[in-house]
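Visitor:
2 protein chains.
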Amino acid sequence: MTEVAHSAGVSVSTVSHVINGTRLVAPATREKVQRAMLLLGYQHRPIARSLSAGSNQTIGLALTAASNPYWVELVQGIDGEATRAGLNLIIVDTRDDARHESTAVANMLAHHIEGLVIAPSDGWRDLTLPLLRDHPVPYVIVDRIDPELRADQVGVENEASTAAVIDHLISAGHRRIGMVAGISGLSTSAERLRGYRLAHQHADLVIDPALIVDGASTSEGGRRATLALLELPVPPTAVFAGNNDMTIGVLGALKAAGIRVPRDMAFAAFDDFAWADLFSPGLTTVAQPSAAIGARAVQLLLRRMTDREAPPQTIRLPAEIMHRESCGCTPVSV
Amino acid sequence: MTEVAHSAGVSVSTVSHVINGTRLVAPATREKVQRAMLLLGYQHRPIARSLSAGSNQTIGLALTAASNPYWVELVQGIDGEATRAGLNLIIVDTRDDARHESTAVANMLAHHIEGLVIAPSDGWRDLTLPLLRDHPVPYVIVDRIDPELRADQVGVENEASTAAVIDHLISAGHRRIGMVAGISGLSTSAERLRGYRLAHQHADLVIDPALIVDGASTSEGGRRATLALLELPVPPTAVFAGNNDMTIGVLGALKAAGIRVPRDMAFAAFDDFAWADLFSPGLTTVAQPSAAIGARAVQLLLRRMTDREAPPQTIRLPAEIMHRESCGCTPVSV
DNA sequence: AGCCTTTGCGCAAAGGGTTGCGCAAAGCAC
DNA sequence: GTGCTTTGCGCAACCCTTTGCGCAAAGGCT
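In structure tokens, the structure reads:
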């Protein structure tokens, strides 16, 4: 920058102002500076700005890479909205591990990001949240909403949409519906479970506790949970899987056991994905508006970046129920 | 840092040296400094170091978020290996768009990353590559290998593994095999196509050019390509899809047309994924060793970071063929 | 012509850390 | 006790950019 200033015959401050448009510069001078920059192949290093100004036009996103395919659309939603606002986005993988998450976030903070979107991992309150409290960085939580937290949050209507699907199964005549629940540390798991309970309440049905099994939010967990359900004295006639990973496990276990969906067992799940439609039968799922969640999160973040004192807001977006054949309520067609 | 130095009764330079272990510090002094850091809750900002020293223990990864699910394992492979080496990883989404890719990479460079792993988008040579040439940042290319480039690269054996699968279909008696090819700007597409051709050559079969259709590497492209194949005067008896997105389109089109796999049409594809095993029939696929590719890429990067002059290396990792039922060579079983 | 307001720009400090150079104290051999 | 080598640390310049303050020239007004 000094070189550019020298070559253009102006001071470095003028060069800086030309670059950022932070104050009036006579057109002639501006021209000269720009020519000098071009001539010298000057590369602006916005990062140095963060030293003095503390702003580098970058926001961060922290989530677990494993939560595929939710991932992709969410990232695209966030990235798109950030680009629209003239912000760059950098992403880190939390591995859904509080320890790794906190170091990854700390690294982003060291890089002076101006805002953060985070899908917190289980246990983040002890390690990552304190970091955020120390630093004055605005942040928005996505996916895993924590009602006790005074923070901006965006997520999906877990409870209502799960209840709607379970309700649908109940109206189709099912009385024993298995629930393969996600890892209990996650608010999403709890909310979906509440939805399951709620639907039963509305129908005045008592839930056999044995029907609720822990799927640990993983494929393998889903498989085991399903085996447990099948071994019950009176197995369920329908199963609901709490997320897409568990869906894999559940379906695998059912296939291995020679149980056919929906003839022998009705099935529905949280999380839609490209393949859900291709299965035979097509899978009835709850589709999250991932891209919209991402976009809203960035909007919330932008608001907070301009107004630190704005009241925290929690947004719940409605999910869409993708009604296909696996729930067994319609005759299987092509 | 000044505060810490003051509180510990030493100079800032000593504090710096304690933090980085860059020169001998008497144990007693070191103790004092560390206590002071703890006491004041000092947060080291490695980013500031990059101003003077140009090192901040962070490497970057640039790829398209859409290339799911390849993504997840690749990211995990890279992240894991980076962590092992004591490096932080930040990721950016290129959107498979050269323009977006170049600004995203430029942003990472501005953040003074010490190395870059990149799965280049089509057209990156004009926008992103020049950036890399200007900056002295070591980089490694993954997935899309460019044979003409003198750079470190890691990818999968596209040609040989595709040839093996096509060969398998040929030995099963198929003489007209449709090839749903990926976007032509990608080296992976070209290599897989070469594998397709190679297998035919080995079997002394002439390829009807109409059997090779463009699937544009997308689901929708795969669908259209499949329709084109079905409308041929003599349709193929088997189809090979060049990646997982196109697989969705192909399978969707076949299902919509009421064509059953593998009875009416054999099927195989590049890219394995969790659901492939759950389909009925299970899908025969080529599984990339994504995690290994990521890990190797980081290893190559580390080598280059220490030795800028090392000869560029291109590594091809073998793929694994997941032999299931969709290729029709075995009786469909449970 | 004298004074006030713009307009345009330079000066220098600041932000957080690294590092070459040099100095002082300590250890050692004689 | 003298002179030489280590060992341990401080000083200050430097990395790159931003920005408050202040000055000078130009233009408008009376």
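Residue numbers (my numbering), protein chains in the order written: chain A, 1 to 334; chain B, 335 to 668.
Beta carbons: idealized from backbone N, C-alpha and C, even for Gly.
#1: Any residues in the stretch 75 to 86 of chain A with a beta carbon nearer than 8 Å to a beta carbon of chain B? Which ones, in chain order?
#2: N20 of chain A CB to nearest chain B CB: under 8 Å?
#3: If I measure Cβ to Cβ from S350 of chain B and keep anything under 6 Å in the same chain, skipping five residues before and after, which residues do I get?
#4: Between R496 of chain B and V620 of chain B, how many whole angstroms is the CB-CB distance? I'm expecting something under 8 Å.
#5: Strictly below 7 Å CB to CB, what residues from chain A border S553 of chain B?
#6: If you pair each beta-carbon of the stretch 411 to 425 of chain B with each one of the stretch 91 to 101 of chain A, do three or more pairs fall below 8 Å?
#7: Does the distance from the C-beta atom of Q377 of chain B to that of L421 of chain B stay below 8 Å?
#8: Count Cβ pairs between the stretch 501 to 512 of chain B and the stretch 655 to 665 of chain B that sit closer than 8 Å; are there 3 or more?
#9: Can you tell me where the alpha helix (DSSP H) holding Y42 of chain A begins and where it ends?
#10: Determine, for A587 of chain B, whether the minimum Cβ-Cβ distance to residues of chain A falls below 8 Å.
#11: Mind listing the chain B neighbours of F279 of chain A? Cutoff is C-beta to C-beta under 9 Å, in chain order.
#12: Quick one: what's got a C-beta closer than 7 Å to L566 of chain B's C-beta in the same chain, skipping five residues either side?
#13: Near E365 of chain B, what residues of its chain come up, given a Cβ to Cβ distance below 6 Å and the 5 sequence neighbours on each side ignored?
#14: Using beta-carbon positions only, say whether S280 of chain A and S614 of chain B come within less than 8 Å of one another.
#15: Going along the chain, which residues of its own chain have a beta-carbon closer than 8 Å to the beta-carbon of V334 of chain A, five neighbours each way excluded?
#16: Who are the Cβ neighbours of Q622 of chain B in its own chain at under 6 Å, not counting the five residues just before and after it?
#17: Could you round the C-beta distance between G616 of chain B and L563 of chain B to whole angstroms and report it? I think they count as a contact, below 8 Å.
#18: Which term fits P472 of chain B, buried or exposed, when burial requires 16 or more other beta carbons within 10 angstroms of its beta carbon?
#19: For a quick check, are the C-beta atoms of V191 of chain A and E159 of chain A less than 8 Å apart?
#20: If you measure between the beta carbons of A253 of chain A and R296 of chain A, is that distance less than 8 Å?
#21: Any chance you could list the beta strand (DSSP E) runs of at least 3 consecutive residues sitting entirely within the stretch 61 to 132 of chain A, in chain order?
#22: Using the C-alpha atoms, what's the distance from T103 of chain A back to L374 of chain B?
#23: Of the residues B:A419, B:V540 and B:T581, which one's Cα is nearest the Cα of S548 of chain B?
#24: I need the straight-line Cα distance from R467 of chain B to R383 of chain B, nearest angstrom please.
#25: Using CA atoms only, rank isn't needed, just tell me which of B:D641, B:G628 and B:A610 is closest to M656 of chain B.
#26: Determine whether the beta carbon atoms of A164 of chain A and D143 of chain A lie at a separation below 8 Å.
#27: Going by CA-CA distance only, name the one from B:S386, B:I475 and B:L450 that's closest to H469 of chain B.
#28: For A257 of chain A, tell me which candidate among A:H200, A:I19, A:L227 and A:R316 has the shortest Cα-Cα distance.
#29: Using a 10 Å radius around the Cβ and a threshold of 16 neighbouring Cβ atoms, would you call V540 of chain B buried or exposed?
#30: When we look at the beta-carbon of N243 of chain A and count the other beta-carbons within 10 Å, is it buried (16 or more) or exposed?
#31: Any Cβ of chain B within less than 8 Å of the Cβ of L38 of chain A?
#32: Under 7 Å Cβ to Cβ from V261 of chain A, same chain only, skipping five residues before and after it: list those, please.
#33: So, under 8 Å CB-CB, A110 of chain A and I381 of chain B are touching, yes? Tell me the CB distance rounded to an integer number of Å.
#34: With C-beta atoms as the reference, is S121 of chain A less than 8 Å away from D152 of chain A?
#35: Which full runs of the beta strand (DSSP E) of 3+ residues lie inside the stretch 514 to 547 of chain B, going along the chain?
#36: Shortest alpha-carbon distance to R369 of chain B belongs to which of B:D460, B:A559, B:E643 and B:H340?
Guide: Reading from the atomic positions:
#1: V75, Q76, D79 and T83
#2: As a first step, residue 20 of chain A must be located in the first sequence, where it is residue number 20. Chain B, which has no Cβ nearer than 8 Å to the Cβ of N20 of chain A, makes this no.
#3: Counting from one through the second sequence, the residue named residue 350 of chain B turns up at place 16. Result list for S350 of chain B: empty, nothing under 6 Å.
#4: Residue 496 of chain B sits at position 162 when you count from the first residue of the second sequence. Residue 620 of chain B sits at position 286 when you count from the first residue of the second sequence. This sequence places Thr at residue 496 of chain B; Arg is not what is there. About 7 Å separates the two Cβ atoms, so the contact holds.
#5: Looking up residue 553 of chain B in the second sequence gives position 219. Result: A274.
#6: yes
#7: Position 43 of the second sequence, counted from the start, is the residue given in the question as residue 377 of chain B. Position 87 of the second sequence, counted from the start, is the residue given in the question as residue 421 of chain B. It is not a contact, given that the beta carbons lie outside the stated cut-off.
#8: yes
#9: For the purposes of this step, residue 42 of chain A is taken as the residue at position 42 of the first sequence. Counting along the chain, Y42 of chain A falls outside any alpha helix (DSSP H), and DSSP gives it neither H nor E.
#10: Looking up residue 587 of chain B in the second sequence gives position 253. Chain A, which has no Cβ nearer than 8 Å to the Cβ of A587 of chain B, makes this no.
#11: Your numbering for residue 279 of chain A matches position 279 in the first sequence. Here the neighbours are W609, L612, F613 and S614.
#12: Within the second sequence, the letter at position 232 stands for residue 566 of chain B. The answer, listed in chain order, is A544.
#13: Taking the second sequence and counting its residues from 1, the one referred to as residue 365 of chain B is at position 31. If we look at E365 of chain B and ignore the five residues flanking it on each side, it has no Cβ neighbours.
#14: For the purposes of this step, residue 280 of chain A is identified with residue 280 of the first sequence, where counting begins at 1. For the purposes of this step, residue 614 of chain B is identified with residue 280 of the second sequence, where counting begins at 1. Closer than 8 Å, so yes.
#15: Along the first sequence, read from residue 1 onward, the residue named residue 334 of chain A stands at position 334. A caution first: V334 of chain A carries a pLDDT of 38, below 50, which makes its placement in the model too unreliable to give a value.
#16: Within the second sequence, numbered from 1, the residue matching residue 622 of chain B stands at position 288. Hits under 6 Å: V490 and A653.
#17: By 1-based counting over the second sequence, the position of residue 616 of chain B is 282. By 1-based counting over the second sequence, the position of residue 563 of chain B is 229. About 22 Å separates the two Cβ atoms, so there is no contact after all.
#18: By 1-based counting over the second sequence, the position of residue 472 of chain B is 138. Per the 10 Å Cβ criterion, buried.
#19: Position 191 of the first sequence, counting from 1, holds the residue named residue 191 of chain A. Position 159 of the first sequence, counting from 1, holds the residue named residue 159 of chain A. Here residue 191 of chain A turns out to be Glu, not Val, going by the sequence shown. A contact, by the Cβ cut-off of 8 Å.
#20: As a working note, residue 253 of chain A is residue 253 in the first sequence. As a working note, residue 296 of chain A is residue 296 in the first sequence. It is not a contact, given that the beta carbons lie outside the stated cut-off.
#21: 88 to 93 and 115 to 118
#22: Position 40 of the second sequence, counted from the start, is the residue given in the question as residue 374 of chain B. Position 103 of the first sequence, counted from the start, is the residue given in the question as residue 103 of chain A. One C-alpha to the other measures close to 20 Å.
#23: Position 214 of the second sequence, counted from the first residue, corresponds to residue 548 of chain B. Looking at the sequence provided, one finds Asp at residue 548 of chain B rather than Ser. Closest option to D548 of chain B, Cα to Cα, is B:T581.
#24: Counting from one through the second sequence, the residue named residue 467 of chain B turns up at place 133. Counting from one through the second sequence, the residue named residue 383 of chain B turns up at place 49. Rounded to the nearest angstrom, the two C-alpha atoms are 23 Å apart.
#25: Numbered from its first residue, the second sequence carries residue 656 of chain B at position 322. Ranking the options by Cα distance to M656 of chain B, first place goes to B:A610.
#26: Walking along the first sequence from the start, residue 164 of chain A turns up at place 164. Walking along the first sequence from the start, residue 143 of chain A turns up at place 143. No, the pair does not count as a contact, with Cβ atoms beyond the cut-off.
#27: Position 135 of the second sequence, counting from 1, holds the residue named residue 469 of chain B. Per the Cα distances, B:L450.
#28: Counted from its first residue, the first sequence places residue 257 of chain A at position 257. Looking at the Cα atoms, A:L227 is the closest of the given residues.
#29: For this step, residue 540 of chain B is matched to residue 206 along the second sequence. The residue is exposed, with fewer than 16 neighbouring Cβ atoms inside 10 Å.
#30: Translated into the one-based positions of the first sequence, residue 243 of chain A becomes position 243. N243 of chain A is buried by the Cβ-count criterion.
#31: Taking the first residue of the first sequence as position 1, residue 38 of chain A is located at position 38. It does not: the Cβ of L38 of chain A has no partner Cβ on chain B nearer than 8 Å.
#32: Within the first sequence, numbered from 1, the residue matching residue 261 of chain A stands at position 261. Cβ within range, chain order: L254, F267, P281 and S326.
#33: Position 110 of the first sequence, counting from 1, holds the residue named residue 110 of chain A. Position 47 of the second sequence, counting from 1, holds the residue named residue 381 of chain B. The pair is a contact, with the Cβ atoms about 5 Å apart (cut-off 8 Å).
#34: Indexing the first sequence from 1 puts residue 121 of chain A at position 121. Indexing the first sequence from 1 puts residue 152 of chain A at position 152. No, Cβ-Cβ distance for S121 of chain A and D152 of chain A is not below 8 Å.
#35: none
#36: Working through the second sequence from its first residue, we reach residue 369 of chain B at position 35. Selected option, being the one with the closest Cα: B:H340.
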